[in-house]
Every structure is written in structure tokens, then in C-alpha cells.
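Residue numbers (the working numbering): 28 to 132.
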């Protein structure tokens, strides 16, 4: 089975390499008038139904930003107190080498 796959891979690769590459034909360049016409077409609306659709933009959610800021101001002191308590509790613990005597003591 492996030999069959190997033979097929070699044959497929060999046929791909045996083909001569096609001659490259560069696309023709557009004239200035064609460029301007293409730009004008791209600026037009796709269909006439776009005129009836209102282009409303959503306002910035200032209320949500304000409530989030207020929540952060209320929670920040509690978070700082919990962080200080936890760090002071963990500073006395020895994670590694607890059986080894501390050289500072």
C-alpha cells in the first residue's frame, strides 16, 4: 500500500515538473478614461433602493461607560484590601524548601 502511494506521488510530481510553464501574458493597462469611468462606477450606489434606507449611526454608549466607571470606583477599594490581605498572608509562606532552615533566621 505504501509503495502504491509512493509511486502515485512520484508520478504526479513528475508530470507536474515535466510540463513547460505557460508564457506569461501581462494584463493590458487601462487608459486614463477607463480608470476614471471605473472610479465613477465604484462611487455609485449598488441599487436605487439604497436611497430609501436611512443611514443612522448608533450613538456612543456613554451611559454604559459611566456605569462601568462607577462600578470600578466602587469595587476598587475592596479589591485593593483583598489584594493586600492575600499578599501579606502569602508572604509568610514558603512554597519551596519548607523543610530547609531559613538562613536569615
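We treat Cβ as the ideally placed atom computed from N, Cα and C, and that holds for glycine. From a predicted model like this one, the values you see are computed outputs, not experimental measurements.
In this chain, residue 82 is not harboured by any alpha helix (DSSP H), its DSSP state being neither H nor E. Around residue 69, the same chain offers no residue with a beta carbon nearer than 6 Å, after the five sequence neighbours per side are excluded. Counting along the chain, no alpha helix (DSSP H) covers residue 52, and no H or E run does either. Per DSSP, the unbroken alpha helix (DSSP H) holding residue 95 starts and ends at 89–118.
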